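Everything in the sequence shown is counted per this note's numbering, starting at 1 for the first residue and increasing by one.
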Amino acid sequence: MSPRGAQDTAVQRGRARQYALCTIAVGYDRVSDGVEGVFDQALTNGLAAIVAHTWPGNEIEGQRVRSAAGLLEVVKAKGESREPGVWHVPHEPADQEHGPTLLEARQTGDVTPVRVEVLHTAIKATQAIRHARDTGQHTGAVLTADHVDALEELDWHPALRTVMDELQGRHEAAVPAADRAERRRATEYLFLLGDEEVQRRAAIDYASLHRPHHKDDETTVEDCPVCDNLSLVAENHDGLLAEIGIGQCVICSYQRTAEAASAQAQTLQIRRAMDRPG
Ligand SMILES: [Zn+2]
Numbered sequence: 001m002s003p004r005g006a007q008d009t010a011v012q013r014g015r016a017r018q019y020a021l022c023t024i025a026v027g028y029d030r031v032s033d034g035v036e037g038v039f040d041q042a043l044t045n046g047l048a049a050i051v052a053h054t055w056p057g058n059e060i061e062g063q064r065v066r067s068a069a070g071l072l073e074v075v076k077a078k079g080e081s082r083e084p085g086v087w088h089v090p091h092e093p094a095d096q097e098h099g100p101t102l103l104e105a106r107q108t109g110d111v112t113p114v115r116v117e118v119l120h121t122a123i124k125a126t127q128a129i130r131h132a133r134d135t136g137q138h139t140g141a142v143l144t145a146d147h148v149d150a151l152e153e154l155d156w157h158p159a160l161r162t163v164m165d166e167l168q169g170r171h172e173a174a175v176p177a178a179d180r181a182e183r184r185r186a187t188e189y190l191f192l193l194g195d196e197e198v199q200r201r202a203a204i205d206y207a208s209l210h211r212p213h214h215k216d217d218e219t220t221v222e223d224c225p226v227c228d229n230l231s232l233v234a235e236n237h238d239g240l241l242a243e244i245g246i247g248q249c250v251i252c253s254y255q256r257t258a259e260a261a262s263a264q265a266q267t268l269q270i271r272r273a274m275d276r277p278g
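Listed below in C-alpha cells is the structure:
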C-alpha cells in the first residue's frame, strides 16, 4: 500500500473509532450537558467516513473536512432517495468499473439508508442547545431518541461497522438495548399516570425523604433521565466512578440496573477524556 493509501486508511479508522465511541456514549445519555458536542463528533466522523469510502474526495471542501450538514448535502446529491427524507448510500463506489452500480447494490441490500431530514433536525437541536448554554438562555431543543436512532443506523455502513463491532461486544450491546427498553417502558407508564398525578408526585421532596440513615448508607437522590425529576433513589453506585446511581425513580418507575450504571460510567469516562468543543 502506498504511504498515501496507508495514511488514508489510518484516517478512516480514526473516524470510525470516533464515531463508535461517541455514538455509544450518546446512546447511553442524550440529556447531560455537553452531549451536543459528542453527538456532533459522532455524526461528523461517521458521515465523513461514509462519504470518503463511497465517494472519495467529496468529504473535503477546500482544505477542510465538511461539516455534518455539508456531508449530508453530499449524501443528498449523490445518494438516492427512495422514501421521504431518507437517502441510500451504496456500499461501494457506484462509478467504479468493478464496484457494483447503485442499482446492483440496492438489489443485494448493500446500501445504508441515511435519514437525512432527521439528522438535519438533530444538527439544529445541537446548535440551539450550544447557543443556549453559551448565552445562558433556555431552549426547548433536545436530542430525541429518534435522532440517536438515526445516528446509530449509520453503523450499517462497512466503513463503520467493523469498528463498532470491535468496541461493542454482543453482551455490551445488549445492555444499552435493555436500558432503552426500560426507558420506553417507564415513559409509557408516565403517560398512563397523567399530568395531575405526575405533578403531585413531582412536588414531593424525595431528597429529604431518602436521606442516608447511617454513615455507610450511600443513598442519594438523582435526576431521573426519563421524567427529569429529582426522584431517582439510588442505594448503590457504579464501581468505576461511583457517580452513576443504581436504583429506581419514585415517579416514573424507571429502574437503572448495575450493568446499565457501569456501562454509563464507562462512557462518561470516555466523554471526559475527549475535548469538549465549543
Ligand atoms: Zn423518573
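Heads up, the beta-carbon is just placed ideally off N, CA and C, and yes, glycines get one too. This one's a predicted model, so the numbers in the text were calculated from it and none came from an experiment.
- Option in Asp216, His157 and Arg115 with minimal Cα separation from Val148: Arg115
- Item | Alpha-carbon to alpha-carbon, Pro113 and Ala69 | 16 Å
- Message: Going residue by residue through the region 201-247, where are the continuous alpha helix (DSSP H) segments of at least 4 residues, counting only ones entirely within it?
- Response: 206-209
- Alpha carbon to alpha carbon, how far is Ala265 from Trp156? 26 Å
- Message: Can you look up Ala94 in the DSSP assignment and give me helix, strand or coil?
- Response: The pLDDT assigned to Ala94 is 40, lower than 50, so where the model puts this residue is not dependable, and the model offers no usable value.
- Query: For Ile50, which option in Asp110, Leu154, Ala258 and Gly247 has the closest C-alpha, if you only look at C-alpha atoms?
  - Reply: Leu154
- Give the secondary structure of Cys22 by DSSP, where H, G and I count as helix, E and B as strand, and everything else as coil. helix
- Would the beta-carbon of Leu241 fall within 8 Å of that of Gln199? no
- Task: Closer than 5 Å is what we want: which residues have a beta carbon that near any heavy atom of ligand 1? List them in chain order.
- Result: Cys224, Val226, Cys227, Cys249, Ile251, Cys252 and Tyr254
- Measuring from the CB of Gly62, is there a heavy atom of ligand 2 at a distance below 7 Å? As far as ligands go, the structure on display features ligand 1 and does not contain ligand 2.
- Task: Have a look at Cys224, Leu209 and His214 and flag the residue whose alpha-carbon is nearest the alpha-carbon of Ala186.
- Result: Cys224
- List the residues that DSSP assigns as beta-bridge partners of Cys252. None, per the DSSP bridge assignment.
- So who's on the other strand from Glu83, going by DSSP bridges? Val86
- Pairwise C-alpha distance: Ala150 and Val74: 17 Å
- Query: Buried or exposed: where does His53 fall if 16 or more other Cβ atoms within 10 Å of its Cβ makes it buried?
  - Reply: buried
- For Thr44, the first and last residue of its enclosing alpha helix (DSSP H): Val35 to Thr54
- Query: DSSP three-state call for Gly99: helix, strand or coil?
  - Reply: Any reading at Gly99 must be qualified, since the residue scores a pLDDT of 48, below 50, and its modelled position is unreliable; no value is offered.
- Length of the line joining the Cα atoms of Ser231 and Glu222: 6 Å
- Which value, in whole angstroms, describes the spacing of the CA atoms of Ala132 and Gly5? 42 Å
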